[in-house]
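**Student:** Questions regarding the structure given below will be posed in turn.
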Amino acid sequence: MTHDPDCIFCKIAAGRIPSKKVYEDEEILVFHDIHPWAPVHFLLIPKQHIPSMAHVEPSHAALLGKMMSLVPALAKQEGCRPYPEGGFRLVCNTGDDGGQEVPHLHFHVIGGPRPWLKG
Ligand code: 5GP
Ligand code: ZN
């Protein structure tokens with residue numbers, strides 16, 4: 486499995502930086518975002534270092550499918566209300582133009598009572 490020793494999410498995946506874990510298996514880690522944008526905000530990452538969605542290849546299909554298939558149960562577990570009244574956003578910022586700050590593939594799950602529409 487590939488790792489980047491300078492990558493903050495590789496360090497979190499290896500347990501070298503603590504995180505508030507939501508889910509973990511041999512290839513995936515899910516943890517709370519340190520600066521939540523909403524009442525529910527967690528991140529799904531592969532434990533292997535894939536820099537971004539722009540680096541995803543067909544060989545990653547099973548891994549990404551597994552990540553996506555975890556989202557509904559984890560969103561419910563973390564407090565998102567049931568569909569359709571409840572729900573969440575699933576966001577994957579990619580590259581500089583996509584607003585990606587951490588160059589290790591991650592999916593944000595952002596939920597709660599439509600916090601992104603308030604203000
Ligand atoms: P991006 O802009 O790359 O899509 O989002 C990166 C996210 O990672 C941000 O929402 C940021 O708050 C979160 N983040 C950055 N560093 C850490 C960290 O050390 N721990 C946790 N839990 N989240 C982090
Ligand atoms: Zn990494």
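Under my numbering, the letters of the sequence shown match residues 486 to 604, in that order.
Backbone N, C-alpha and C fix where the C-beta goes; we use that ideal spot for every residue, glycine too.
1) Where does K505 sit, in a helix, a strand or coil, going by DSSP?
2) Is the number of C-beta pairs between the segment 588-602 and the segment 520-528 that are closer than 8 Å three or more?
3) Tell me, please, whether the segment 498-516 touches the segment 564-575 by the rule of three or more beta-carbon pairs shorter than 8 Å.
4) What does the shell around the ligand ZN hold, if a residue joins when its beta-carbon is under 5 Å from any heavy atom?
5) Return yes when at least one heavy atom of the ligand ATP lies under 8 Å from the C-beta of I497, else no.
**Tutor:** So, from the listed chains and residues:
1) Looking at K505 - three-state DSSP - the assignment turns out to be coil, as it is neither helix nor strand.
2) yes
3) no
4) D489, C492, F494, C495, H534 and H589
5) This structure lacks the ligand ATP; the ligands present are the ligand 5GP and the ligand ZN.
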